[in-house]
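Down below is the structure, laid out as structure tokens.
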Amino acid sequence: DAMVIQNPRYQVTQFGKPVTLSCSQTLNHNVMYWYQQKSSQAPKLLFHYYDKDFNNEADTPDNFQSRRPNTSFCFLDIRSPGLGDAAMYLCATSRGGSSMYEQYFGPGTRLTVT
Amino acid sequence: SQQGEEDPQALSIQEGENATMNCSYKTSINNLQWYRQNSGRGLVHLILIRSNEREKHSGRLRVTLDTSKKSSSLLITASRAADTASYFCATASYNQGGKLIFGQGTELSVKP
Chain A
1 DAMVIQNPRY
11 QVTQFGKPVT
21 LSCSQTLNHN
31 VMYWYQQKSS
41 QAPKLLFHYY
51 DKDFNNEADT
61 PDNFQSRRPN
71 TSFCFLDIRS
81 PGLGDAAMYL
91 CATSRGGSSM
101 YEQYFGPGTR
111 LTVT
Chain B
1001 SQQGEEDPQA
1011 LSIQEGENAT
1021 MNCSYKTSIN
1031 NLQWYRQNSG
1041 RGLVHLILIR
1051 SNEREKHSGR
1061 LRVTLDTSKK
1071 SSSLLITASR
1081 AADTASYFCA
1091 TASYNQGGKL
1101 IFGQGTELSV
1111 KP
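Protein chains in written order, with this note's numbering: chain A, 1 to 114; chain B, 1001 to 1112.
See the structure below:
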């Protein structure tokens, strides 16, 4: 089945230790998104790629970076995680911009910072 | 920036009852989408309703959109315990750069 896969599902890292979360998709969608969701809150968009074009949200901390080496894969790098970065990180894809299309989400990676 | 606001924040009903969740937003939109999120999981798309549509159905789900009032509602009929989840509305418009802006969500609990 076509899907969005996130690895790992649970990630524990130490304060300040770089961590990378990965997302892959078999939907062949042009757009990939990374969201941060804290407990009982709405998902907050960090950045998205439209093909290779990277779009960063204005309030996304510099500590967060992303790479999309090909259509199928996208990575979220947190250079120096702080306690406030503990959250669920959601990857999503869509065929085009969400002005027209729905988004398909992966199961999420829950990040714990110790 | 938050576009949608949902009401109620939490809703508890018995199995078999209907559940209605409301969403209000501030600016003009191209479409409004509803998503479900089970605890600790990713979001699942339910329905997309375009700005020129007033009502859409999908199984036990009915979504209405009133662009003059900038509001939408999601009705789940004959609810089941498996419908227990958080439900989010999200708006999309060209002037939002093709992004989805999510509301805070309604936490629905359906008791068997």
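Heads up, the beta-carbon is just placed ideally off N, CA and C, and yes, glycines get one too.
query, result
"Buried or exposed for residue 1106 of chain B, going by 16 or more other Cβ atoms inside 10 Å?", "buried"
"State the Cα-Cα distance for the pair residue 59 of chain A and residue 1015 of chain B, rounded to the nearest angstrom.", "42 angstroms"
"Would the C-beta of residue 1095 of chain B count as close to the ligand SAM, meaning under 7 angstroms from any of its heavy atoms?", "Absence of the ligand SAM is noted for the structure shown, with no ligands found whatsoever."
"Please state the DSSP three-state secondary structure of residue 42 of chain A.", "coil"
"Per DSSP, which one or two residues make a beta bridge with residue 7 of chain A?", "A:22"
"Using a beta-carbon distance cut-off of less than 8 angstroms, what residues from the region 1036 to 1048 of chain B approach chain A?", "1040, 1041, 1042, 1043, 1044, 1045, 1048"
"How many Å lie between residue 23 of chain A and residue 1091 of chain B at the Cα?", "24 angstroms"
"Where does residue 87 of chain A fall in DSSP's three states?", "strand"
"Could you name the residues that DSSP lists as bridge partners for residue 37 of chain A?", "A:88"
"Mind checking which residues open and close the beta strand (DSSP E) that includes residue 1036 of chain B?", "1031 to 1037"
"Please state whether the Cβ-Cβ distance between residue 1054 of chain B and residue 1085 of chain B is less than 8 angstroms.", "no"
"Kindly say whether residue 89 of chain A, judged by its beta-carbon, lies nearer than 8 angstroms to any beta-carbon of chain B.", "no"
"Can you pull the DSSP bridge partners for residue 1021 of chain B?", "B:1074"
"Please list, in chain order, the residues of the region 25 to 58 of chain A that have any C-beta partner in chain B closer than 9 angstroms.", "31, 33, 35, 37, 40, 41, 42, 43, 44, 45, 48, 50, 55, 57"
"From the DSSP output, in three-state form, read off residue 1081 of chain B for me.", "helix"
"Beta strand (DSSP E) containing residue 1100 of chain B: first to last residue?", "1100 to 1102"
"Quick one: which chain A residues come within Cβ less than 7 angstroms of residue 1014 of chain B?", "Under the 7 angstroms cutoff, chain A gives no residues; its nearest Cβ is about 24 angstroms from residue 1014 of chain B."
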